[in-house]
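So for the sequence shown, UniProt numbering puts the first residue at 1; every next one is plus one.
Below is one structure; the comments refer to it alone.
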Amino acid sequence: MKNKIKIIEDLSLNAWPSHQMQIYDGWILRFSYFYTHRTNCIEQIGPSSIPLGDKFDYCEEIYERWGTPAIYKITPLIDSSFDQKLTERGYHIAHITEVMTRELKGPLPLSPSCTVNLNSRITPQWIEALFSLKGTVNEIHRRIVPSMYAAIPKDVISASVYDQNQIIGTGLAILDRDYAGIYAIHVAENYRGSHIGRSICLALLNAAAEQGASSAYLQVVKGNLPAKNLYRSLDFGDFYTYWFRQQYHVKKWENHPSEK
Numbered sequence: 001m002k003n004k005i006k007i008i009e010d011l012s013l014n015a016w017p018s019h020q021m022q023i024y025d026g027w028i029l030r031f032s033y034f035y036t037h038r039t040n041c042i043e044q045i046g047p048s049s050i051p052l053g054d055k056f057d058y059c060e061e062i063y064e065r066w067g068t069p070a071i072y073k074i075t076p077l078i079d080s081s082f083d084q085k086l087t088e089r090g091y092h093i094a095h096i097t098e099v100m101t102r103e104l105k106g107p108l109p110l111s112p113s114c115t116v117n118l119n120s121r122i123t124p125q126w127i128e129a130l131f132s133l134k135g136t137v138n139e140i141h142r143r144i145v146p147s148m149y150a151a152i153p154k155d156v157i158s159a160s161v162y163d164q165n166q167i168i169g170t171g172l173a174i175l176d177r178d179y180a181g182i183y184a185i186h187v188a189e190n191y192r193g194s195h196i197g198r199s200i201c202l203a204l205l206n207a208a209a210e211q212g213a214s215s216a217y218l219q220v221v222k223g224n225l226p227a228k229n230l231y232r233s234l235d236f237g238d239f240y241t242y243w244f245r246q247q248y249h250v251k252k253w254e255n256h257p258s259e260k
């Protein structure tokens, strides 16, 4: 099980580059102006040799310079004692994410509810629609996020659903090894309940399978029951959970809340 978790963790790092990254004694420090926790956290990717207290001090200093809190991603690959040390240092759980997976063994029946347009690249129009659907108004985020999507080193399949000339639904599959990571499933509020999200997921899974993917994974914030129910209906099953430990005190970043 841990081998598969490690694979998916590696895939998700490839899938979602940060604006800036540093390698520090087996840790990767990611920074994206607090756009998301995933792109603005510290992850363990190798063995360490520097005393843990010194590493904590260093990371907190770096993130204070960046103007965001120090955040650690905690996965089942990390010893529970590390999470406890962060608790003792004054870190709280920011939010919990559930990873779900499924196998891709054949074509899935497409939903007739809408037409899903697929593209082998991420267009400026798709990114602008994503900002609109997510309510992204922070000017720094709007400036840096397109470059983060452009930096994805793997093949992608972007999905769009239109009403007239407006995109009212998005999705993204990122292909790596024999996996497809499903990301950015968003539907305009007035169109929810019309199975558009389901149609997007099905179209992406089928397209990924046609390009050689035999497994799929996705991530959903714990408590997002509509999304969880959708993914379960698509035969995704729970695999593992991770969470973020974040500093309690707020400094420069108090006006730059993370979107997810």
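Every residue gets a Cβ at the ideal spot worked out from N, C-alpha and C, and that includes glycine.
Only a predicted model underlies this, so the values are computations on that prediction, with no experimental measurement involved.
Residue environment analysis places Q164 among the exposed positions, since fewer than 16 neighbouring C-beta atoms fall within 10 angstroms of its C-beta.
In this structure, the CA atom of Q211 is about 35 Å from the CA atom of V137. In the displayed model, R198 falls within a helix according to three-state DSSP. Beta-bridge partners assigned by DSSP to D25: none are found.
With distances taken between CA atoms, A184 lies nearest to F131 out of A151, F131 and N229. Assignment of beta-bridge partners to T36 by DSSP yields no partner. Counting C-beta atoms within 10 angstroms of its own C-beta, A150 has fewer than 16 neighbours from the protein chains shown and is therefore classed as exposed. The criterion of a C-beta distance shorter than 8 Å is not satisfied by S233 and C114.
Contact between T97 and W243 holds: their C-beta atoms lie close to 7 Å from each other, under 8 Å.
When the Cα atoms are used, R121 and I8 turn out to be separated by approximately 22 Å.
Listed as beta-bridge partners of K73 by DSSP are F244. Beta-carbon to beta-carbon, G26 and P51 are separated by about 13 Å, too far to satisfy the 8 Å threshold. By the neighbour-count definition (other C-beta atoms within 10 Å, threshold 16), H141 is a buried residue. Within the same chain, P69 and A70 come within 7 Å of Y63 by CB-CB distance, once the 5 residues on both sides are set aside. According to the DSSP assignment, E64 belongs to the alpha helix (DSSP H) that extends over L52 to W66. Excluding its 5 nearest sequence neighbours in each direction, S158 has C-beta neighbours in its own chain below 6 Å: N119, I122, W126 and L172, listed in chain order. Of all alpha-carbon atoms in A209, Y240, T241 and M1, the one lying nearest the alpha-carbon of L108 is that of A209. By the neighbour-count criterion, in which a residue is buried when 16 or more other Cβ atoms sit within 10 angstroms of its Cβ, Y91 is buried. Cβ-Cβ separation between L110 and A213: approximately 17 Å, too far for a contact (criterion under 8 Å).
Listed in chain order, the non-local C-beta contacts of P146 below 8 Å within the same chain comprise P124 and I127, local neighbours out to five positions each way being set aside.
Spatial neighbours of V220 in its own chain (CB-CB distance under 6 Å, excluding positions within 5 residues in sequence) are listed in chain order as E98, A227 and K228. Within the DSSP secondary-structure output, V187 pairs in a beta bridge with G169.
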